[in-house]
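In UniProt numbering, the protein residues as written are 1 to 680.
The C-beta atom is built at its ideal place from N, Cα and C for all residues, glycine as well.
Bear in mind the structure is a predicted one, so any value in this text is a computation, not a measurement.
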């Protein structure tokens, strides 16, 4: 391992980074009142103590009051931030991890009705599609005050004891000055490339004058906007040279693309089904040409790709941010030669989609991420060994089995199918979402290593469970599609599961109706449209698939639009009837109650799932707690009370998790399991 390229130190000026792996600047939206308090600190410290060399905090910490965050970012323009950043920095430094921060002014990439309701400012009046604000064109006094805001924010980070900072210059105000698509200024800040870069170099010069030469400065920027009329590769190379030759910065952090639309953002930060490391070659070209310390990160989700990036000399530091959200102990496992134990990032992008929708970033299959103050990444052994029976091997059941085994309990698992996976197996039928099986595969491997007993092809009923003489039973049987939601003709519809599994072939003229708003209907629509059928996707919602969220919606839309799918929001499927060879779908709007009809040969309906709770109901009378959960204890992390039965009929604790309770999502099922079983 001593020769591992990832484990070699890197020295820049007076800072020696102990290895070549970093968390690129990102904002998981954990601040409280705009400050990186205990939760934020715990998140970074967990990764620091596992050995990452550099943690970049705060993707886009705001330097100005007219740069209000559109999600929960650090407010770098407040003096109050200094002691909080000092605590975070000191805590990470104790583990030998360097700490930096990303500072930015969002420019037009925000909303005018956030924060103090100040006008959005940019280098033109062009609205950004993603955030919809029409900006004012920057005046000289705007430029002067924003430069001062950058300098003051940088000084706060210097005083807080950070090792350096980087300026965000793609998609934000800096890049809005750089790009000819978004700069319509006259005079010294518009027109030529020299003029468009002037604002950036004035900011860097002023920061360097304030913080001195030892504090590291870098710029994260796009080397190619990939937009007609925008910055191209040649521009990116020239900007890279100018940044180096300025003598003002110490490293480059290169990406590729643009982030002003959901589609553009998804290309910059690719999700599952998209190529790994798509911008690494451009970063390598810039490093080779400019010969300057170069950082990079964009879908570097596995150690092999990261190792290649460093071993090939393409970059000097490689970012593995989402990979560290999935497994904060990734570097410890690399250092200790336990790479096979790393919990994989499956690229589901639940983390980023949540923050862009106003929530905190949570990993789809590591519910302890972002909850470090209440949820463990390392499971503590139980004082008393118990026998735990789990029924079902979807994500919730597999997590329950894994955590119980990590606790040292004897674990027995029943599964009706011939392999683990539950609904994840259906999801993974789509080529683009095959990586989702990593959620199951990792847990199955861990369970096997921990001695869990699996019984496949067993539809467990009361007698099978009782015969195990369990102390705890966890029902994770999931749900089945709701097929009784229509007022008439339920038997005429097929489900998204029917299409995904291949049990039902696509029709030729198909109505896909989606009331759950999750992946199922979109995946089914994709399969049907690819078969050559005419597809109409209909939903009663005002937006398409709200549970899928923005970045995950992009690949679906790219496929379905090319295949000429019709999208019909705000209409509800009410009933079906058959007339000859056709199905007549009655639909209506919640807004007007206007009724319409569609004539098709197939209707695929997604009304979510209903819990498979027969086993749970049959076990309740035999259990000591009748299936009851003490929510107060669950929330604060205390064990569920062990109720002594009044007679000898009962004895085991009974719980259910995931869709066996109600239709939710993968993260919810895994979180159910972790916070329940960690205290058994």
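Residue 543 burial status per 10 Å Cβ neighbour count (16 or more: buried):
Position 543 of the chain shown, counted from the start, is the residue given in the question as residue 543. Flag for residue 543 reads exposed.
I'd like to know whether the C-beta atoms of residue 46 and residue 399 end up nearer to each other than 8 Å.
The sequence position of residue 46 within the chain shown is 46, counting from 1. The sequence position of residue 399 within the chain shown is 399, counting from 1. Residue 399 sits away from residue 46, with the two beta carbons spaced by 8 Å or more.
With 16 as the cutoff for other CB atoms within 10 Å, does residue 561 come out buried or exposed?
One-based indexing of the chain shown puts residue 561 at position 561. If you draw a 10 Å sphere on the C-beta of residue 561, you find fewer than 16 other C-beta atoms in it, and that means exposed.
Is residue 470 helix, strand or coil when you go by DSSP?
In the chain shown, counting from the first residue as 1, residue 470 sits at position 470. In the structure shown, residue 470 sits in coil (DSSP, three-state: anything other than H, G, I, E or B).
Given this structure, state the Cα-to-Cα distance separating residue 346 from residue 598, to the nearest angstrom.
Taking the chain shown and counting its residues from 1, one reaches residue 346 at position 346. Taking the chain shown and counting its residues from 1, one reaches residue 598 at position 598. If you take the alpha carbons of residue 346 and residue 598, they lie about 38 Å apart.
Beta-carbon within less than 8 Å of residue 119's beta-carbon, same chain only, minus the 5 sequence neighbours each way: which residues are those?
The count along the chain shown starts at 1 and reaches residue 119 at position 119. Non-local C-beta neighbours of residue 119 in its own chain, meaning closer than 8 Å and more than five positions away in sequence, comprise 66, 112, 135, 136, ordered along the chain.
Kindly list the residues whose CB is nearer than 7 Å to the CB of residue 324, restricted to its own chain and excluding five residues on each side of it in sequence; keep chain order.
Counting from 1 along the chain shown, the entry for residue 324 is found at position 324. The answer, listed in chain order, is 23, 47, 52, 330.
Is there a Cβ of chain D sitting closer than 8 Å to that of residue 596, yes or no?
In the displayed structure, chain D is absent; only one protein chain is listed.
Residue 393: buried (16+ other C-beta within 10 angstroms of its C-beta) or exposed?
Locating residue 393 in the chain shown gives position 393, where the first residue counts as 1. It is buried - the Cβ of residue 393 has at least 16 other Cβ atoms within 10 Å.
Report yes if the CB atom of residue 97 is closer than 8 Å to the CB atom of residue 61, and no otherwise.
Sequence index remark: in the chain shown, residue 97 carries index 97 (1-based). Sequence index remark: in the chain shown, residue 61 carries index 61 (1-based). Against a cut-off of 8 Å, the Cβ pair of residue 61 and residue 97 comes out as no contact.
Just to confirm, are residue 524 and residue 563 a CB contact at a threshold of 8 Å?
Taking the first residue of the chain shown as position 1, residue 524 is located at position 524. Taking the first residue of the chain shown as position 1, residue 563 is located at position 563. With respect to residue 563, residue 524 sits apart: the two C-beta atoms are not nearer than 8 Å.
Which residue or residues does DSSP assign as beta-bridge partners of residue 363?
As a first step, residue 363 is located in the chain shown; it is residue number 363 there, counting from the start. Here residue 363 is bridged, per DSSP, to 366.
Cutting at 6 Å between CB atoms, please list the residues of its own chain near residue 430, excluding the five before and the five after it.
Within the chain shown, numbered from 1, the residue matching residue 430 stands at position 430. Taken in chain order, the residues that qualify are 523.
Might you give, ordered along the chain, the residues of its own chain that have their beta carbon closer than 8 Å to the beta carbon of residue 461, omitting 5 neighbours on each side?
Taking the chain shown and counting its residues from 1, one reaches residue 461 at position 461. A distance below 8 Å between beta-carbons, with the five flanking residues on each side excluded, links residue 461 to the following residues of its chain, in chain order: 615, 618.
Does the distance from the C-beta atom of residue 552 to that of residue 353 stay below 8 Å?
On the chain shown, residue 552 is found 552 positions in, with the first residue counted as 1. On the chain shown, residue 353 is found 353 positions in, with the first residue counted as 1. It is a contact, given that the beta carbons lie within the stated cut-off.
Can you list, in chain order, the residues of its chain with a C-beta nearer than 6 Å to that of residue 643? Leave out the 5 residues immediately preceding and following it.
As a first step, residue 643 is located in the chain shown; it is residue number 643 there, counting from the start. If we look at residue 643 and ignore the five residues flanking it on each side, its Cβ neighbours are 624, 625.
So, for residue 428: in the same chain, excluding its five sequence neighbours on each side, which residues have a beta-carbon less than 7 Å away from its beta-carbon?
Locating residue 428 in the chain shown gives position 428, counting from the first residue. Here residue 428 has 434, 436, 437 as same chain residues with Cβ atoms under 7 Å from its own Cβ, once five neighbours each way along the sequence are excluded.
Selection from 282, 246, 506 that minimises the alpha carbon distance to residue 236
Your numbering for residue 236 matches position 236 in the chain shown. Closest option to residue 236, Cα to Cα, is 282.
Report yes or no: do three or more beta-carbon pairs, one from the segment 159–168 and one from the segment 211–220, lie closer than 8 Å?
Three or more pairs of CB atoms, one per stretch, sit closer than 8 Å, so the segment 159–168 contacts the segment 211–220.
Which residue from 381, 638, 315, 299 puts its Cα closest to that of residue 5?
In the chain shown, counting from the first residue as 1, residue 5 sits at position 5. Among 381, 638, 315, 299, the Cα nearest to that of residue 5 is on 315.
Counting only runs that start and end within the segment 276–327, where is the beta strand (DSSP E) found for 3 or more residues in a row?
Segments of the beta strand (DSSP E) lying fully in the segment 276–327: 294–296, 317–319.
Proximal residues to residue 130 (C-beta, below 8 Å), its chain only, five neighbours per side dropped:
Against the chain shown, residue 130 aligns to sequence position 130. Here the set comprises 109, 259, 260, 261, 262, 265.
Separation of residue 28 from residue 358, as counted between CA atoms:
To locate residue 358, count along the chain shown from 1; it is residue 358. To locate residue 28, count along the chain shown from 1; it is residue 28. Distance between the alpha carbons of residue 358 and residue 28 is about 11 Å.
Quick check on this structure: which residue in 334, 546, 294 has the alpha carbon closest to the alpha carbon of residue 713?
Past the boundaries of the shown model lies residue 713; the chain is included only from 1 to 680, so the question cannot be answered.
Residues that residue 12 bridges to, as DSSP identifies them
Sequence index remark: in the chain shown, residue 12 carries index 12 (1-based). Listed as beta-bridge partners of residue 12 by DSSP are 15.
My guess is that residue 268 and residue 284 are in contact by the Cβ rule of under 8 Å, so how many angstroms apart are they, rounded?
Numbered from its first residue, the chain shown carries residue 268 at position 268. Numbered from its first residue, the chain shown carries residue 284 at position 284. So it is not a contact: roughly 17 Å between Cβ atoms.
Using alpha carbons as the reference points, say which of 671, 652, 621 lies closest to residue 634.
Indexing the chain shown from 1 puts residue 634 at position 634. Here the closest residue by C-alpha is 671.
So which of 406, 375, 368 has the shortest CA-CA distance to residue 382?
Along the chain shown, read from residue 1 onward, the residue named residue 382 stands at position 382. Here the closest residue by C-alpha is 406.
Please state whether DSSP places residue 353 in a helix, a strand or coil.
In the chain shown, residue 353 corresponds to position 353, counting from 1. Secondary structure at residue 353: helix, using DSSP grouped into helix, strand and coil.
DSSP three-state assignment for residue 559, whether helix, strand or coil
As a working note, residue 559 is residue 559 in the chain shown. Residue 559: helix per DSSP, three-state reduction.
The alpha helix (DSSP H) with residue 82 in it runs from where to where?
Position 82 of the chain shown, counted from the first residue, corresponds to residue 82. Its alpha helix (DSSP H) spans residues 81–93.
Excluding sequence positions up to five away, which residues of its chain have a Cβ less than 6 Å from the Cβ of residue 484?
In the chain shown, residue 484 corresponds to position 484, counting from 1. Taking residue 484 as the centre and dropping the five residues before and after it, the same chain places the C-beta of 490 closer than 6 Å to its C-beta, in chain order.
To the nearest whole angstrom, what separates the beta carbons of residue 666 and residue 364, a pair I think is in contact under 8 Å?
The residue labelled residue 666 in the question sits at position 666 within the chain shown. The residue labelled residue 364 in the question sits at position 364 within the chain shown. At roughly 6 Å, the Cβ-Cβ gap stays under 8 Å, so residue 666 and residue 364 are in contact.
Anyone know if the C-beta pair for residue 290 and residue 240 falls short of 8 Å?
In the chain shown, counting from the first residue as 1, residue 290 sits at position 290. In the chain shown, counting from the first residue as 1, residue 240 sits at position 240. For residue 290 and residue 240, yes; Cβs fall inside 8 Å.
In this structure, how does DSSP classify residue 415 when only helix, strand and coil are distinguished?
Residue numbering aside, residue 415 sits at position 415 when the chain shown is read from its first letter. If DSSP states are grouped into helix, strand and coil, residue 415 belongs with coil.
Start and end residues, alpha helix (DSSP H) containing residue 44
Against the chain shown, residue 44 aligns to sequence position 44. Annotation: the continuous alpha helix (DSSP H) that includes residue 44 extends over 38–48.
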